[in-house]
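In this note's numbering, the protein residues as written are 28 to 291.
C-beta: ideal position from N, C-alpha, C; glycine also.
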Amino acid sequence: MQITPSQVSGRTARQVVVRPVLGESPLRAREAAAQLALPYHPVSRSDDIELVVGETSAWLETAGLKVAIRFDSAAMLHRRHGGQNELLGRAVGVKNDRHPVVFDATGGLGRDAFVLADLGCRVTLCEQTPALAWLLQDAILCAQVSRYDAVRDAVERMTVCSGQSEAQSLHAATVIYIDPMFPERKKAAAVKKEAMMLQYLSASHDGGESLMAWAWQQAIDRIVVKRPLKAPVLGERKASFTLSGKSVRFDVFVRNAHSTSVQQ
Ligand SMILES: C[S@@+](CC[C@H](N)C(=O)[O-])C[C@H]1O[C@@H](n2cnc3c(N)ncnc32)[C@H](O)[C@@H]1O
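In structure tokens:
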């Protein structure tokens with residue numbers, strides 16, 4: 028994966044700096060700062076968002092808020108068996124003998140991408156925030172040596188791409204998955220914390236409209252959009268069908284030209 032410094036227009040994201048973990052070799056932190064063209068700060072300062080990089084660990088941190096990505100954490104292993112996975116799988120079109128190739132246009136913390144990879148899909152995750160794309164790539168490398176077979180197996184199907192999804196022209200994917208940021212309500216504290224970090228990091232905050240416009244221009248079979256239950260549909264077109272869970276729904280847009288190859 029090639030990671031380039033963020034050059035996105037519109038709203039300015041908060042500056043990220045890289046710092047090493049106290050008492051560990053600073054080598055990896057220095058390398059990450061150079062690769063991302065981010066300032067390297069050996070010591071913590073309260074105002075920054077820090078990409079903290081240790082010898083074998085890494086996380087994002089600001090003002091006591093810490094967010095790490097671990098695909099074999101207890102929470103992720105628990106999520107492997109959650110009911111929403113089935114819904115996401117159905118929305119994307121997973122069947123016993125069918126595992127669509129997915130382009131996840133809003134990579135974030137890679138949760139949904141991991142679920143899809145765990146269901147057997149090949150997934151490219153695109154993330155516009157370079158530090159987050161770096162963290163996703165690092166999490167995949169860590170998970171490649173996880174003690175859990177299923178985790179190692181799933182991350183083999185995940186690839187990270189750094190930058191804005193709209194810059195990509197898709198040929199191999201059959202499904203585009205979009206999970207734009209939306210105001211968080213009634214969420215568990217841990218989820219709020221992660222959402223807050225993503226908001227701090229995000230440079231573009233158009234609610235997904237430009238992604239939807241771009242997605243319709245790609246040669247894919249379907250677009251799946253994750254929405255809060257009561258949010259309006261993204262874009263101008265009606266969804267082909269919707270799958271609703273307890274707190275979110277998936278709006279599925281099936282391309283007519285390919286409708287013989289995609290079925291709910
Ligand atoms: C709500 S989060 C996605 C969470 C993700 N589905 C997960 O399971 O962790 C949205 C993410 O999409 C990223 N994003 C938003 N617009 C983007 C774009 N145009 N291209 C690439 N990434 C984008 C944001 O930086 C943010 O990290």
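Interface flag, residue i vs chain D, CB-CB below 8 Å
i	result
R97	No chain D is part of this structure, which consists of one protein chain only.
Chain-order list of residues whose beta-carbon lies under 7 Å from that of residue i (same chain, five-residue window excluded)
i	result
P32	For P32, the predicted structure reports a pLDDT of 47, less than 50, and the residue's modelled location is therefore unreliable. A value from the coordinates is still provided. Here the set comprises L63, A64 and P157.
S288	Only weak support is given to the placement of S288: the predicted model assigns it a pLDDT of 35, under 50, and the value that follows is read from those uncertain coordinates. So the qualifying residues of the chain are D248.
L114	L270, G272 and F277
R57	Y67
A266	V260, D278, V279 and F280
A166	I96, R97, F98 and G137
L225	G135 and M208
heavy atom of ligand 1 below 7 Å from residue i C-beta
i	result
C153	yes
G292	With the chain covering only 28 through 291, there is no way to say anything about residue 292.
R138	yes
Q244	no
G134	yes
S192	yes
S196	no
L87	no
T186	no
L104	no
P207	yes
S274	no
T269	no
T156	yes
L159	yes
CB-CB length for residue i against residue j, believed under 8 Å
i	j	result
D278	R254	6 Å
C4	V178	Residue 4 is absent from the model: the chain starts at 28 and stops at 291.
R55	L228	The pair is not a contact, with the Cβ atoms about 20 Å apart (cut-off 8 Å).
A22	F141	This structure leaves residue 22 out entirely; the chain is present only between 28 and 291.
S84	V121	Contact flag wrong, Cβ pair sits at about 32 Å.
R107	D145	6 Å
Option in the options with minimal Cα separation from residue i
i	options	result
L87	L159, A181 and D176	L159
P259	P53, G234, D139 and R174	G234
I205	L238, L92 and L168	L238
A246	S274, R106 and N283	N283
L92	Q195, A222, T83 and G272	A222
S192	L115, Q244 and K220	Q244
D176	D74, T83 and F98	F98
V43	R72, H105, I203 and C169	R72
H198	M208, A242 and M224	A242
G50	D145, A60, A61 and V80	V80
Own chain residues within Cβ distance below 8 Å of residue i, not counting five before or after
i	result
A240	G262
L163	I96, G134, L136, G137, L152, E154 and V187
A118	V251, L270, F277 and V279
V70	R46
L143	L115, G116, V119, V121, V129, D131, V150 and Y204
Bridge partner(s) assigned by DSSP for residue i
i	result
Y204	D131 and V251
Y67	V45
E88	E77 and K93
D278	V252 and T269
L152	D131 and V187
K122	R125
Same chain, Cβ closer than 6 Å to residue i, neighbours up to 5 away in sequence not counted
i	result
T151	F130, T186 and C188
T89	I76
K273	none
A132	C153, S192, I203, I205 and L238
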